[in-house]
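Below is one structure; the comments refer to it alone.
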Amino acid sequence: IDECGKLWVLDTGKLNTFTGSPKKLCNPQIVVYDLTKGDKIVLRHRFPEAQVDDHSLPITIAVDTRNGQCTSQYAYIADVNAFKLMVFDLERRRSWRVNSNYFYPFPTYGTFDLNGVQFDLMDGIFGIALGPLLNGNRRVYFHALASVKEGWTLASVLLNQTLLENSLTPTNLFKMSDYGRNSQSTSEVMSDEGVLFFPLLKSNSLACWNSKTVYKQDNIVTLYTNDQTFQFPSGMKLIANRDLYVLTSRLQNYIANGRSDTSQINFRILVASIADLTRKTSCDVARFDFTGYLTLDDSSSSNNVNIQPGTGSGNWNAQGSKFSSSYAGPNSGESDQGAPQNFVQAAPSYSGNGNQGPPFIGGNGNKGPPFNGGNSNQGPSFGGNSNQGPPFNGGNQGGLRPSQGGNWNKPEPSYSSNSQTVPSYSGSSNQARPPNSGAAPQNSYGGPSKESVVFPS
125 IDECGKLWVL DTGKLNTFTG SPKKLCNPQI VVYDLTKGDK IVLRHRFPEA
175 QVDDHSLPIT IAVDTRNGQC TSQYAYIADV NAFKLMVFDL ERRRSWRVNS
225 NYFYPFPTYG TFDLNGVQFD LMDGIFGIAL GPLLNGNRRV YFHALASVKE
275 GWTLASVLLN QTLLENSLTP TNLFKMSDYG RNSQSTSEVM SDEGVLFFPL
325 LKSNSLACWN SKTVYKQDNI VTLYTNDQTF QFPSGMKLIA NRDLYVLTSR
375 LQNYIANGRS DTSQINFRIL VASIADLTRK TSCDVARFDF TGYLTLDDSS
425 SSNNVNIQPG TGSGNWNAQG SKFSSSYAGP NSGESDQGAP QNFVQAAPSY
475 SGNGNQGPPF IGGNGNKGPP FNGGNSNQGP SFGGNSNQGP PFNGGNQGGL
525 RPSQGGNWNK PEPSYSSNSQ TVPSYSGSSN QARPPNSGAA PQNSYGGPSK
575 ESVVFPS
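Using my numbering, you'd call the opening residue of the sequence shown number 125 and step up by one each time.
Set out below in structure tokens:
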């Protein structure tokens with residue numbers, strides 16, 4: 125759901141996707157509902173044959189809305205099977221696709237081991253996240269499912285249809301981190317302050333990365349871990365730059381066995397405030413002045429975000445250096461549960477027993493994250509024995525300090541879109557509302573729990 129009240133839905137055009145004989149009904153399409161007008165369908169864009177393959181599977185979508193311009197929006201769609209990124213221009217009702225070697229899976233990370241379930245899945249580009257809008261441009265982050273690295277390019281590159289359709293895209297316009305995570309990941313979102321949120325599949329964890337630091341495991345902070353409620357988070361959305369919604373599906377069971385265990389709860393929607401999640405970590409958005417960052421810089425091949433400090437300098441406040449790993453978080457008391465009650469559960473509690481208690485509250489003893497508690501490796505930085513938060517104990521005084529000392533790379537002007545004349549577009553759209561198709565088919569994944577889902581106000 126975008127800030128204009130429109131719901132953007134991806135239709136793969138296929139049935140039985142994870143079986144040996146998927147059935148194609150139509151080409152992939154985008155369907156947009158206006159939730160402010162009685163859930164009316166206001167757009168249907170079907171991708172033309174030239175932009176999709178027989179095995180195409182669009183899986184995630186990120187909508188680029190700028191300065192409240194609700195009639196001039198862009199959508200970026202990850203095609204996980206064809207290893208492509210598709211771009212849609214709402215105002216012109218046109219689409220095109222983007223190719224890059226960085227959209228492909230890494231064979232060494234195509235084997236998964238999740239909660240004792242092992243399977244091979246060579247999926248390409250999966251996660252897409254939009255960076256902060258700066259001077260009319262922003263970064264678009266992405267990663268393949270079978271990968272531990274993060275890539276990015278500038279939106280101005282993706283929106284330059286002339287450049288992309290003529291296969292003139294210089295390879296140096298797409299970047300890939302030199303280092304990586306300790307696990308594969310699925311979807312991702314980025315806050316307005318430049319903090320990336322994403323799951324770590326192997327450990328059933330939610331993590332964050334402050335994009336002012338190098339993308340590597342030492343700078344990735346684990347915010348939450350739960351082996352019951354956080355299996356295979358496949359969807360993630362950030363609402364109003366405030367609340368993080370996560371959909372978990374236990375999809376590994378369906379992929380490996382061809383069915384889900386209907387005796388268990390397979391789907392959950394979990395909600396948390398990002399301010400509560402990141403408090404007193406290197407991802408703490410409340411303690412960072414972002415106004416000083418003025419210019420995107422992609423001139424370097426390093427994996428720094430390379431955002432140039434401006435006159436505001438973007439300093440951490442005076443308290444930033446005073447936190448240590450001995451902080452145990454609010455509401456944690458003296459117990460070893462450690463996790464403050466940051467998360468609320470969008471659905472009622474599924475069971476009265478301890479192992480099924482409300483998620484994101486850390487009710488399973490040490491299963492909950494310590495949230496900066498003790499000497500845990502899940503704790504943040506700013507001193508202590510944490511291995512995952514950037515120590516921020518080096519660099520220049522008086523400004524934002526790069527992790528472990530080091531210097532900012534020399535800033536360069538951001539890339540422009542070259543203002544070339546755009547040729548005739550391909551693709552077609554129509555806005556007709558389809559006839560009522562009747563009742564929805566039974567969900568073959570096992571379905572959600574029987575309790576009503578209650579979203580917080």
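Glycine included, each C-beta is placed from N, C-alpha and C at the ideal position.
Small disclaimer: the values here were computed from a predicted structure and weren't measured.
### Nearest-angstrom Cα separation, counted from valine 281 out to glutamine 197
As a working mapping, residue 197 is identified with position 73 in the sequence shown. As a working mapping, residue 281 is identified with position 157 in the sequence shown. Approximately 16 Å, taken between the alpha carbons.
#### Entry: Sequence-distant residues of its chain with Cβ nearer than 7 Å to isoleucine 344 (five each side left out)
Within the sequence shown, residue 344 is the residue found at index 220, counting from 1. Closer than 7 Å at the Cβ level, and outside the excluded window around isoleucine 344, lie Arg305, Ala331, Trp333 and Gln512.
#### Entry: Bridge partners - glutamine 153, DSSP secondary structure assignment
Counted from its first residue, the sequence shown places residue 153 at position 29. In DSSP, glutamine 153 forms a bridge with Asp135 and Arg170.
### Query
When the Cα atoms are used, what is the spatial distance from glutamate 289 to arginine 221?
Against the sequence shown, residue 289 aligns to sequence position 165. Against the sequence shown, residue 221 aligns to sequence position 97. Between glutamate 289 and arginine 221, the C-alpha separation is close to 8 Å.
### Message
Going residue by residue through the region 201-261, where are the continuous beta strand (DSSP E) segments of at least 3 residues, counting only ones entirely within it?
### Response
208-213, 218-222, 235-238, 241-244 and 249-254
### Query
Where do the N-terminal and C-terminal ends of the alpha helix (DSSP H) with isoleucine 398 fall, by residue?
As a first step, residue 398 is located in the sequence shown; it is residue number 274 there, counting from the start. Note, isoleucine 398: alpha helix (DSSP H), 398-402.
### Task
Inspect the CB distances between the region 166-181 and the region 134-152 and report whether three or more fall short of 8 Å.
yes
### Query
Mind checking alanine 253: buried by the 16 CB within 10 Å criterion, or exposed?
For the purposes of this step, residue 253 is taken as the residue at position 129 of the sequence shown. Its Cβ being crowded by 16 or more others within 10 Å, alanine 253 is buried.
### Message
Rounded to the nearest angstrom, what separates glutamine 175 and methionine 210 at their Cα positions?
### Response
As a working mapping, residue 175 is identified with position 51 in the sequence shown. As a working mapping, residue 210 is identified with position 86 in the sequence shown. Distance between the alpha carbons of glutamine 175 and methionine 210 is about 8 Å.
### Task
Could you check what DSSP says for isoleucine 379 in three-state terms: helix, strand or coil?
As a first step, residue 379 is located in the sequence shown; it is residue number 255 there, counting from the start. It is helical.
### Query
If you run the structure through DSSP and keep just helix, strand and coil, what is alanine 279?
On the sequence shown, residue 279 is found 155 positions in, with the first residue counted as 1. Reduced to three states, the DSSP call for alanine 279 is helix.
### Message
Please tell me whether, using a cut-off of 7 Å, the distance from the CB of phenylalanine 321 to the nearest non-hydrogen atom of the ligand HEM is below it.
### Response
As presented, the structure is devoid of all ligands, the ligand HEM included, so that no description of it is given.
### Message
On the DSSP letters alone, give me the boundaries of the beta strand (DSSP E) that threonine 346 sits inside.
### Response
As a first step, residue 346 must be located in the sequence shown, where it is residue number 222. Per DSSP, threonine 346 belongs to the beta strand (DSSP E) from 344-349.
### Task
May I have the straight-line CA-CA distance separating serine 335 from threonine 160, to the nearest angstrom?
Position 211 of the sequence shown, counting from 1, holds the residue named residue 335. Position 36 of the sequence shown, counting from 1, holds the residue named residue 160. If you take the alpha carbons of serine 335 and threonine 160, they lie about 34 Å apart.
#### Entry: For leucine 159, the three-state DSSP class (helix, strand or coil)
As a first step, residue 159 must be located in the sequence shown, where it is residue number 35. In this structure, leucine 159 counts as coil in the three-state DSSP scheme.
### Message
If I measure Cβ to Cβ from leucine 131 and keep anything under 6 Å in the same chain, skipping five residues before and after, which residues do I get?
### Response
In the sequence shown, the residue the question calls residue 131 occupies position 7. Here the set comprises Ile125, Tyr157 and Leu159.
### Task
On the DSSP bridge assignment, give the partners of phenylalanine 322 in chain order.
Position 198 of the sequence shown holds residue 322. Answer is Ala331, bridged to phenylalanine 322.
### Query
Any contact of the region 353-368 with the region 308-317, i.e. 3+ C-beta pairs under 8 Å?
yes
### Task
Would you kindly report the start and end of the unbroken beta strand (DSSP E) that includes threonine 372?
For the purposes of this step, residue 372 is taken as the residue at position 248 of the sequence shown. Taken as a continuous stretch (DSSP letters only), the beta strand (DSSP E) holding threonine 372 covers 367-372.
### Task
Determine the extent of the beta strand (DSSP E) in which leucine 362 is found, giving its start and end residues.
One-based indexing of the sequence shown puts residue 362 at position 238. Residues 357-363.
### Query
Could you check where the alpha helix (DSSP H) with threonine 143 kicks off and where it finishes?
In the sequence shown, counting from the first residue as 1, residue 143 sits at position 19. Per DSSP, threonine 143 belongs to no alpha helix (DSSP H) and is neither H nor E.
### Task
Please report how far the alpha carbon of phenylalanine 142 lies from the alpha carbon of asparagine 284, in whole angstroms.
Working through the sequence shown from its first residue, we reach residue 142 at position 18. Working through the sequence shown from its first residue, we reach residue 284 at position 160. Whole-angstrom Cα-Cα distance: 34 Å.
### Message
Between which residues of its own chain and glutamine 104 is the CB-CB distance below 6 Å, once the five residues before and five after are set aside?
### Response
What is shown of the chain runs 125 to 581, which leaves residue 104 out entirely.
### Query
Cβ of histidine 267 within 8 Å of Cβ of glycine 275?
As a first step, residue 267 is located in the sequence shown; it is residue number 143 there, counting from the start. As a first step, residue 275 is located in the sequence shown; it is residue number 151 there, counting from the start. In this structure, glycine 275 lies closer than 8 Å to histidine 267 by Cβ.
### Query
Looking only at its own chain, which residues have a Cβ that is under 7 Å from the Cβ of valine 204, when we skip the five neighbours before and after it?
Locating residue 204 in the sequence shown gives position 80, where the first residue counts as 1. The residues are Leu181, Ile183, Asp247, Gly248, Ile249, Phe250 and Leu269.
### Task
Compute the Euclidean distance between the alpha carbons of threonine 405 and aspartate 302, then round it to the nearest angstrom.
Your numbering for residue 405 matches position 281 in the sequence shown. Your numbering for residue 302 matches position 178 in the sequence shown. So the two alpha carbons sit approximately 23 Å from each other.
### Reduced DSSP category for leucine 592 - H, G, I as helix; E, B as strand; rest coil
The chain is shown from 125 up to 581; residue 592 falls before or after that span and cannot be answered.
### Boundaries of the beta strand (DSSP E) in which asparagine 266 is found, first to last residue
Sequence index remark: in the sequence shown, residue 266 carries index 142 (1-based). Checking the sequence, you will find phenylalanine at residue 266 rather than asparagine. 263-268 is the extent of the beta strand (DSSP E) around phenylalanine 266.
#### Entry: Which residues DSSP lists as bridging aspartate 188, in chain order
Translated into the one-based positions of the sequence shown, residue 188 becomes position 64. In the DSSP output, where bridge partners are listed per residue, aspartate 188 has Tyr198.
### Query
In terms of DSSP beta bridges, what is valine 338 paired with?
Mapped onto the sequence shown, residue 338 falls at position 214. Answer is none; valine 338 lacks a bridge partner.
### Task
Give the straight-line distance between the Cα atoms of asparagine 501 and aspartate 342, rounded to the nearest whole angstrom.
In the sequence shown, the residue the question calls residue 501 occupies position 377. In the sequence shown, the residue the question calls residue 342 occupies position 218. Its pLDDT being 37, under 50, asparagine 501 is placed unreliably in this model, and the coordinates cannot settle the point.
### Task
Using the Cα positions of serine 309 and serine 397, report the straight-line distance between them to the nearest angstrom.
Translated into the one-based positions of the sequence shown, residue 309 becomes position 185. Translated into the one-based positions of the sequence shown, residue 397 becomes position 273. Computed Cα separation, rounded: 21 Å.
### Task
Alpha carbon to alpha carbon, how far is serine 219 from aspartate 177? Give it in angstroms, no decimals.
The count along the sequence shown starts at 1 and reaches residue 177 at position 53. The count along the sequence shown starts at 1 and reaches residue 219 at position 95. Each residue's Cα considered, the two are about 15 Å apart.
### Query
Exposed or buried, which one is threonine 232 when buried takes at least 16 other CB atoms within 10 Å?
Reading the sequence shown from its first residue, position 108 is the one you call residue 232. By the neighbour-count rule (16 or more Cβ atoms within 10 Å), threonine 232 is not buried but exposed.
### Message
Determine whether the beta carbon atoms of phenylalanine 227 and phenylalanine 207 lie at a separation below 8 Å.
### Response
In the sequence shown, residue 227 corresponds to position 103, counting from 1. In the sequence shown, residue 207 corresponds to position 83, counting from 1. Yes, Cβ-Cβ distance for phenylalanine 227 and phenylalanine 207 is below 8 Å.
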